[in-house]
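> Just so you know, the sequence shown maps onto residues 232 to 527 in the numbering used here.
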Amino acid sequence: MTARIIDGKQIASDIRSELKQEVISLKQKGIIPGLGVILVGDDPASKSYVTAKERACEEIGLHSDDNRLPKGTSQAELITLIKKMNTDPKINGILVQLPLPKHINESDVLMAIDPVKDVDGFHPVNIGKMIIGEKSFLPCTPHGVIKLLERSGVKTEGAHVVVVGRSNIVGKPVANLLFQKKKNANATVTICHTGTKDLKSFTKQADIIIAAAGRPNTITADMVKDGVVIIDVGVNRIEDSTKKAGFRLVGDVDFEALKEKASLITPVPGGVGPMTITMLLYNTVESAKIANMIRD
Ligand code: GUN
Numbered sequence: 232m233t234a235r236i237i238d239g240k241q242i243a244s245d246i247r248s249e250l251k252q253e254v255i256s257l258k259q260k261g262i263i264p265g266l267g268v269i270l271v272g273d274d275p276a277s278k279s280y281v282t283a284k285e286r287a288c289e290e291i292g293l294h295s296d297d298n299r300l301p302k303g304t305s306q307a308e309l310i311t312l313i314k315k316m317n318t319d320p321k322i323n324g325i326l327v328q329l330p331l332p333k334h335i336n337e338s339d340v341l342m343a344i345d346p347v348k349d350v351d352g353f354h355p356v357n358i359g360k361m362i363i364g365e366k367s368f369l370p371c372t373p374h375g376v377i378k379l380l381e382r383s384g385v386k387t388e389g390a391h392v393v394v395v396g397r398s399n400i401v402g403k404p405v406a407n408l409l410f411q412k413k414k415n416a417n418a419t420v421t422i423c424h425t426g427t428k429d430l431k432s433f434t435k436q437a438d439i440i441i442a443a444a445g446r447p448n449t450i451t452a453d454m455v456k457d458g459v460v461i462i463d464v465g466v467n468r469i470e471d472s473t474k475k476a477g478f479r480l481v482g483d484v485d486f487e488a489l490k491e492k493a494s495l496i497t498p499v500p501g502g503v504g505p506m507t508i509t510m511l512l513y514n515t516v517e518s519a520k521i522a523n524m525i526r527d
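#1: In the DSSP assignment, find the unbroken alpha helix (DSSP H) run with Glu-285 in it and report its ends.
#2: With a threshold of 16 other CB atoms inside 10 Å of the CB of Thr-387, please say whether the residue is buried or exposed.
#3: Quick check on the burial criterion: 16 or more other C-beta atoms within 10 angstroms. Buried or exposed for Pro-320?
#4: From the DSSP output, in three-state form, read off Leu-257 for me.
#5: Under 8 Å Cβ to Cβ from Arg-446, same chain only, skipping five residues before and after it: list those, please.
#6: Identify, in the order they occur along the chain, each residue of the same chain with its Cβ nearer than 6 Å to the Cβ of Ile-263, setting aside the five sequence neighbours on each side.
#7: Under 6 Å: does the beta carbon of Cys-288 sit that close to some heavy atom of ligand 1?
#8: Secondary structure at Asp-245, three-state DSSP: helix, strand or coil?
#9: Could you please give me the residues that DSSP links to Cys-423 through a beta bridge?
#10: In whole angstroms, what is the alpha-carbon distance linking Val-254 and Thr-451?
#11: Can Ile-322 and Met-316 be called in contact, C-beta distance under 7 Å?
#12: Between the beta-carbon of Ile-441 and the beta-carbon of Val-394, is there less than 7 Å?
#13: Return the chain-ordered ranges of every beta strand (DSSP E) run that is complete within the stretch 286 to 343 and spans a minimum of 3 residues.
#14: So does Gln-533 have its beta carbon nearer than 6 Å to some heavy atom of ligand 1?
#15: May I ask you to report which of helix, strand or coil DSSP gives Asp-463?
#16: If you measure between the beta carbons of Ile-456 and Lys-435, is that distance less than 7 Å?
#17: Around the Cβ of Ala-276, are there at least 16 other Cβ atoms within 10 angstroms (buried) or fewer (exposed)?
#18: Can you list the residues near ligand 1, meaning Cβ strictly closer than 6 Å to any non-hydrogen atom, in the order they appear in the chain?
#19: Using a Cβ-Cβ cutoff of less than 8 Å, which residues in the same chain neighbour Met-454 once the five nearest sequence positions on both sides are dropped?
#20: Which same chain residues, not among the five before or five after Gly-504, have their C-beta less than 8 Å away from its C-beta?
#21: Just to confirm my understanding: we take Asn-417, look at its own chain, exclude 5 residues before and 5 after, and list those with CB closer than 6 Å. What are they?
#22: Quick check: the stretch 294 to 305 against the stretch 486 to 496, are at least 3 beta-carbon pairs closer than 8 Å?
#23: Where in the stretch 357 to 387 do unbroken runs of the beta strand (DSSP E), each at least 3 residues long, occur, reported from the N-terminal end onward?
#24: Have a look at the DSSP bridge pairing and note the partners of Ile-450.
#25: Compare the beta carbon distance of Thr-507 and Val-350 with 7 Å and say whether it is the shorter of the two.
#26: Check this for me: beta carbons of Pro-346 and Pro-370, under 7 Å apart or not?
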């Protein structure tokens with residue numbers, strides 16, 4: 232079987248066009264949704280993510296407030312800026328790019344963000360609401376995965392999904408979203424991780440695999456059944472002297488081999504990545520609507 236490639240760029244672009252229309256109609260009501268962006272330090276991958284997020288805001292007409300802080304910024308300074316954004320009516324969403332430098336406690340920083348502006352969906356209040364199935368800001372990458380499956384016509388109801396990875400940003404929330412008793416969910420979910428013995432015995436049973444291990448070649452062709460759906464969340468930099476940047480991006484799965492065995496597969500880049508930013512824009516627009524009491 233040769234897989235259909237899920238075009239994350241196209242799906243993201245479709246959703247961004249829909250959002251752009253929403254932003255136009257909000258502007259007619261005098262509302263411009265705003266995202267406060269904070270980057271501490273100069274990690275090259277984080278810098279490029281943040282630049283892409285700001286560019287995406289601009290493209291759909293959102294206001295973005297760019298704050299690039301030096302590596303030595305103290306936790307107190309960072310929290311002071313967050314508190315200022317919490318009360319700024321022009322800011323509907325606050326994004327603190329992770330990871331933070333080691334001297335800053337990530338959990339304390341995320342807790343400082345007002346949950347009503349937590350468009351990353353990382354605040355414990357929003358995570359708790361998500362787990363009990365209440366409306367909340369959903370974390371962007373997991374939400375993007377759900378949208379990719381939905382818009383690619385993949386039925387999750389009753390499917391066996393194997394999630395590989397248990398991070399707070401991807402593995403844990405995507406597993407939770409997929410077993411909710413809801414539309415585009417209701418799956419049986421197995422979570423595998425570095426402590427799993429015989430990973431292959433689980434992945435072989437999967438109808439859908441969400442690879443979020445953060446390691447290239449975690450899933451190879453011998454580990455899956457024919458016709459599996461593969462969503463590759465991994466973004467790994469591999470040295471490549473033929474590239475101008477000196478590296479190329481690969482996911483967590485052996486894409487070339489798996490595309491001959493899967494029914495559907497996401498590429499890296501161009502799969503899940505564009506969806507993460509898109510769902511951040513979605514949450515920011517939602518937050519502006521909630522702040523202005525606009526209902527769909
Ligand atoms: N670092 C890697 N992914 C993310 C994300 O989705 N949001 C934030 N804030 N930082 C990240």
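All residues carry an ideal CB built from backbone N, CA and C; glycine is no exception.
Inspection of the coordinates gives the following:
#1: Within the sequence shown, residue 285 is the residue found at index 54, counting from 1. Per DSSP, Glu-285 belongs to the alpha helix (DSSP H) from 275 to 291.
#2: As a first step, residue 387 is located in the sequence shown; it is residue number 156 there, counting from the start. Buried, since its Cβ has 16 or more Cβ neighbours within 10 Å.
#3: For the purposes of this step, residue 320 is taken as residue 89 along the sequence shown, with counting starting at 1. Classification for Pro-320: exposed.
#4: Indexing the sequence shown from 1 puts residue 257 at position 26. Helix at Leu-257.
#5: Along the sequence shown, read from residue 1 onward, the residue named residue 446 stands at position 215. Closer than 8 Å at Cβ, skipping near neighbours: Gly-465, Asn-467, Asp-483.
#6: For this step, residue 263 is matched to residue 32 along the sequence shown. Only His-294 meet the Cβ criterion.
#7: In the sequence shown, counting from the first residue as 1, residue 288 sits at position 57. No, Cβ of Cys-288 sits at least 6 Å from all heavy atoms of ligand 1.
#8: Working through the sequence shown from its first residue, we reach residue 245 at position 14. Three-state result, Asp-245: helix.
#9: Position 192 of the sequence shown, counted from the first residue, corresponds to residue 423. For Cys-423, which the question treats as bridged, DSSP gives the partners Val-395.
#10: Here the question's residue 254 lines up with position 23 in the sequence shown. Here the question's residue 451 lines up with position 220 in the sequence shown. Those two C-alpha atoms are separated by around 42 Å.
#11: Taking the first residue of the sequence shown as position 1, residue 322 is located at position 91. Taking the first residue of the sequence shown as position 1, residue 316 is located at position 85. Taking 7 Å as the cut-off, the Cβ atoms of Ile-322 and Met-316 count as close.
#12: As a first step, residue 441 must be located in the sequence shown, where it is residue number 210. As a first step, residue 394 must be located in the sequence shown, where it is residue number 163. In this structure, Val-394 lies closer than 7 Å to Ile-441 by Cβ.
#13: 294 to 300, 324 to 327, all fully within the stretch 286 to 343.
#14: Because residue 533 is not part of the residues shown, which for the chain are 232 to 527, the question remains open.
#15: As a first step, residue 463 is located in the sequence shown; it is residue number 232 there, counting from the start. Three-state result, Asp-463: strand.
#16: For the purposes of this step, residue 456 is taken as residue 225 along the sequence shown, with counting starting at 1. For the purposes of this step, residue 435 is taken as residue 204 along the sequence shown, with counting starting at 1. For clarity, residue 456 is Lys in the given sequence; the question names Ile instead. The Cβ atoms of Lys-456 and Lys-435 sit closer than 7 Å to each other.
#17: Counting from one through the sequence shown, the residue named residue 276 turns up at place 45. Label assigned to Ala-276: exposed.
#18: Counting every residue whose Cβ lies closer than 6 Å to a heavy atom of ligand 1, we get Leu-326, Val-327, Gln-328, Leu-329, Asp-351, Cys-371, Thr-372, Ile-400, Thr-507.
#19: One-based indexing of the sequence shown puts residue 454 at position 223. A distance below 8 Å between beta-carbons, with the five flanking residues on each side excluded, links Met-454 to the following residues of its chain, in chain order: Leu-430, Lys-431, Thr-434, Lys-435.
#20: What you label residue 504 is simply residue 273 of the sequence shown in a count that begins at 1. The residues are Gly-239, Val-466.
#21: Taking the first residue of the sequence shown as position 1, residue 417 is located at position 186. A distance below 6 Å between beta-carbons, with the five flanking residues on each side excluded, links Asn-417 to the following residues of its chain, in chain order: Glu-388.
#22: Inter-segment contact for the stretch 486 to 496 and the stretch 294 to 305 is absent: fewer than three beta-carbon pairs are separated by less than 8 Å.
#23: DSSP runs (the beta strand (DSSP E)) wholly in the stretch 357 to 387: none.
#24: By one-based count along the sequence shown, residue 450 stands at place 219. Ile-450 is bridged to Val-484.
#25: Looking up residue 507 in the sequence shown gives position 276. Looking up residue 350 in the sequence shown gives position 119. Contact: no.
#26: As a working mapping, residue 346 is identified with position 115 in the sequence shown. As a working mapping, residue 370 is identified with position 139 in the sequence shown. Remark: C-beta atoms of Pro-346 and Pro-370 do not approach each other more closely than 7 Å.
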